[in-house]
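Asks:
Number of protein chains: 2
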Amino acid sequence: MEFGFHMPVDLIFGTGAVSNNAKKLVLGSKALIVTGRNSARISGALDDVVSVLTSENIDYYVFDGVMNNPTLENVSKGASFGRENGADFIIAIGGGSPMDAAKAIAALMTNDMNPIDLISTVPKNQSLPIAAIPTTSGTGSEVTPYSILTVHSMNTKKNFYSPSSFPRVAFADPAYTYSLPYEITLDTAFDAFSHLLESYLSKRSNYFNDVIAIEGMKAFAECMDALNTGEITEKTRESLMYSSCLGGVAITHTGTTIIHAMGYSLTYFKGYSHGRANAMLIGSYLDFNRTAQPEKVEKVLSILGFESIDEVDKYFMVGMDKRPVLDDGEIDKFTGLAMGQGSVMQNPRTVKADDINKLYRELFGGKG
Amino acid sequence: MEFGFHMPVDLIFGTGAVSNNAKKLVLGSKALIVTGRNSARISGALDDVVSVLTSENIDYYVFDGVMNNPTLENVSKGASFGRENGADFIIAIGGGSPMDAAKAIAALMTNDMNPIDLISTVPKNQSLPIAAIPTTSGTGSEVTPYSILTVHSMNTKKNFYSPSSFPRVAFADPAYTYSLPYEITLDTAFDAFSHLLESYLSKRSNYFNDVIAIEGMKAFAECMDALNTGEITEKTRESLMYSSCLGGVAITHTGTTIIHAMGYSLTYFKGYSHGRANAMLIGSYLDFNRTAQPEKVEKVLSILGFESIDEVDKYFMVGMDKRPVLDDGEIDKFTGLAMGQGSVMQNPRTVKADDINKLYRELFGGKG
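So the protein lines, in turn, are chains A and B.
Start counting the first sequence at 0; every next residue gets the next number (numbering that gives the first Met the number 0).
Start counting the second sequence at 0; every next residue gets the next number (numbering that gives the first Met the number 0).
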């Protein structure tokens, strides 16, 4: 048994997390709130945060310009805004996009660097401290150091990460997800599940991390009927956020594998949501990796309550008639981009470009 | 579901942990190695540490004067030695005593304060960073912020704790316990189990912490036969260290309850090892708390593989004919001291002095 476990984020889970732990939100004297256009407001999270900051006499500035799948230009703009206003800590509110953007902004605000260098170097100075408040249950970004940024010059998403980009504190309040539309609930839940699954099967998986991944997959499994029917209760919201947080903890220790590597192009070029892109790949992923991790694949089937991988594949296609068809050029391009992601190295079964190409072709070649 | 989870220690588990992660041991430019007289040497841990420090060109000084159940005077001496030599980080090697002492020393070296004030105040300055290397599987101190110190002026042990007394990094290498005598193996394993049990039943227990406590109790349960027969394999050593680490993570979030509160006097006045003192109380503890947490008590029985609490009690008395007999004066005194421990507040069933007195009397009144 060998493992490393490091989860420096102070995670506070439960309804009322922000209001009940006001002092923990205050990580400096002037806050930059980083968020998107809507979710922070609709969820009620922004109101709670502003209420705490006001009662604690903390000045704040709101950068609500984070786009979906934030780009380098986007985070650069946020950092300039933060610097102009002299913020010394960051409160990220939203789904993966605002939280990931906040990590890049927190690094750019303390480091005079070209944003593109985030992808290839570890910034010299420590990032500003971040409090993260998820309003979806998918990314797990509130407990990871990862920041997934869209890099147009490379035609894909890339991962920025520094030891100081772990949020200092995370407030995971399931109530902030009560108002999420069904479609987003589904997409984000599938993202969380893919984190748990990929972490569990990863070459970097380890004994204790498996315990966490299994716990998270079990929590997801409890929600599967609700996700299928669309009858999402508050109890389901709670379990989904729990599984999402555990997914974040799990990938912190292992990273992801080929689902994420292959899914990015389906988002970047074809416009599928991140979770949906992953979901379309889950069945084939299990099938492809079955020889490398037969017992673990069986365990996943057992947790999900299915007999066969076909059933898994069918489940994760909920709400979709069929997969999109890609032409040969797209498949070759997506293959090259997937192979350029470091995460392919951690796939349980060693993969070559031919394997990825074949997987894309089988799923999106128009025969399925 | 509400919980907090915070485990900022970078835990590296497995054989070869120190040698394979040399850079992580170096937390400054001059190390103070804090240890007891023997275990660091016998276990091989000191050799590994010195070898890493030498190859990394880090000066070090060895304070090997930590006593069993370290006193304020003892840690004060260690801090003076560290200051005289200009150490800027600490490497703690040993069982609970050296690791707990190291946390107090790390605080005293950066704070000009009376050692007794450690018990009642949070030191103003951050402690020196600590790398912790356990050579027993019991205390879990390598992943907690707790430091249990013997305070003669108060006739008991007291808990010192500061947010900066979490070790920065912990190297949990089961091989360092291979040479432990049977008696110490048993005592420390019982200590680890009591952490897991008390954490699981604590009023402060929570959903996610329960997952960890259950995992730890299952690992302990795998070792029960070996602990009983004394045939301790390397696999057993590994599971014991794993359960001990998880016990530390668990009590970090909940603290302990009345087993620890009641056990301290059995150590302080009667000389029983900490683990043995706890073990003598486990059966009655389950019985006393059964009404408050019936399902959890059943779960514990099921994990341990027993039908009744009597069987649990018998198991944890392995190697002892009977409990010591205390006189009325001792029972009254121990009751008062137990009630002075904050941990009694977290007991699943609310306790008054009369309850503690009755528990002591039933177990140690000479009728058992």
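The beta carbon of each residue, even a glycine, is placed where N, CA and C say it ideally should be.
1. For residue 141 (chain B), which residues in chain A fall below 7 Å Cβ to Cβ?
2. Excluding five sequence neighbours on each side, which residues of the same chain lie with their C-beta closer than 8 Å to the C-beta of residue 115 (chain A)?
3. Can you list, in chain order, the residues of its chain whose CB lies under 6 Å from that of residue 145 (chain B), leaving out five sequence neighbours each side?
4. At which residues does the alpha helix (DSSP H) containing residue 208 (chain B) begin and terminate?
5. Alpha carbon to alpha carbon, how far is residue 139 (chain B) from residue 58 (chain B)? Give it in angstroms, no decimals.
6. Measure the alpha-carbon distance for residue 377 (chain B) versus residue 173 (chain B) and round it to whole angstroms.
7. Taking residue 9 (chain B) and residue 5 (chain A) to be in contact with their CB atoms under 8 Å, please state how far apart those CB atoms are, rounded to whole angstroms.
8. For residue 178 (chain B) and residue 133 (chain B), I'd like the C-alpha separation in whole angstroms.
9. So residue 42 (chain B) packs on residue 21 (chain B), CB below 8 Å; how close in whole Å?
10. Mark residue 175 (chain A) as exposed unless 16 or more other C-beta atoms lie within 10 angstroms of its C-beta, in which case mark it buried.
11. From what residue to what residue does the beta strand (DSSP E) around residue 271 (chain A) run?
12. Check the Cβ of residue 6 (chain B) against every Cβ in chain A and list those closer than 9 Å, keeping chain order.
13. Under three-state DSSP, which class holds residue 291 (chain B)?
14. Ignore the nearest five residues each way along the sequence and tell me which others in residue 220 (chain B)'s own chain have a CB closer than 8 Å to its CB.
15. Is the region 183-191 of chain B touching the region 265-285 of chain B in the sense that three or more CB pairs, one from each, lie closer than 8 Å?
16. For a cutoff of 8 Å on Cβ pairs, would you count residue 107 (chain B) as touching chain A?
17. Write down the C-beta distance between residue 17 (chain B) and residue 51 (chain B) rounded to the nearest angstrom, noting that I regard them as a contact closer than 8 Å.
18. According to DSSP, is residue 52 (chain B) part of a helix, a strand, or is it coil?
19. Within 10 Å of its beta-carbon, does residue 319 (chain A) have 16 or more other beta-carbons around it, so buried, or fewer, so exposed?
20. What are the boundary residues of the beta strand (DSSP E) that residue 145 (chain B) is part of?
21. Just checking: is the beta-carbon of residue 12 (chain B) within a distance shorter than 8 Å of some beta-carbon in chain A?
22. Which whole runs of the alpha helix (DSSP H) in the region 226-285 of chain A are 4 residues long or more, in chain order?
23. Below 7 Å between beta carbons is the criterion; list the residues of the region 210-227 of chain B that meet it against any residue of chain A, in chain order.
24. In angstroms, rounded to a whole number, what distance separates the CA positions of residue 313 (chain B) and residue 155 (chain B)?
25. Contact between the region 120-137 of chain A and the region 74-92 of chain A is defined here as three or more beta-carbon pairs at a separation below 8 Å; is this criterion met?
26. Please work out which residues of its chain come closer than 8 Å, Cβ to Cβ, to residue 367 (chain A), disregarding the five sequence neighbours upstream and downstream, and give them in chain order.
27. For a test of the three-state rule: what should DSSP assign to residue 200 (chain A), helix, strand or coil?
28. Suppose you measure from the CA of residue 82 (chain B) to the CA of residue 101 (chain B); what does that come to, to the nearest Å?
29. Helix, strand or coil, according to DSSP, for residue 118 (chain A) in the structure here?
30. How should residue 324 (chain A) be labelled, buried or exposed, when 16 other C-beta atoms within 10 angstroms of its C-beta is the threshold for buried?
31. So for residue 138 (chain A), helix, strand or coil by DSSP?
32. Using a cut-off of 7 Å between C-beta atoms, extract the partners of residue 1 (chain B) located in chain A.
33. Measuring straight from C-alpha to C-alpha, what distance separates residue 201 (chain B) and residue 110 (chain A)?
34. For residue 13 (chain B), count neighbouring Cβ atoms within 10 angstroms of its own Cβ and tell me buried if that reaches 16, exposed if not.
35. State the Cα-Cα distance for the pair residue 31 (chain B) and residue 364 (chain B), rounded to the nearest angstrom.
36. Using a Cβ-Cβ distance under 8 Å, would residue 306 (chain B) count as near chain A?
Replies: Taking the geometry as given:
1. What residue 141 (chain B) touches in chain A: nothing, since even the nearest Cβ is about 12 Å away.
2. 71, 150 and 152
3. 158 and 160
4. 206-220
5. 28 Å
6. A question about residue 377 (chain B) goes unanswered here, because the residues of chain B that appear run from 0 up to 367.
7. 4 Å
8. 13 Å
9. Actually they do not touch by this definition, with Cβ atoms about 18 Å apart.
10. buried
11. No beta strand (DSSP E) contains residue 271 (chain A), which DSSP labels as neither H nor E.
12. 4, 5, 6 and 7
13. coil
14. 302, 303 and 304
15. yes
16. no
17. 6 Å
18. helix
19. exposed
20. 145-150
21. yes
22. 233-253 and 257-267
23. 210 and 214
24. 28 Å
25. yes
26. Residue confidence is low: residue 367 (chain A) scores 49 on pLDDT, short of 50, so the model does not pin down where it sits. Its coordinate-derived value is still stated next. Contacts found: 321, 322 and 361.
27. helix
28. 13 Å
29. helix
30. exposed
31. coil
32. 12 and 13
33. 45 Å
34. buried
35. 46 Å
36. no
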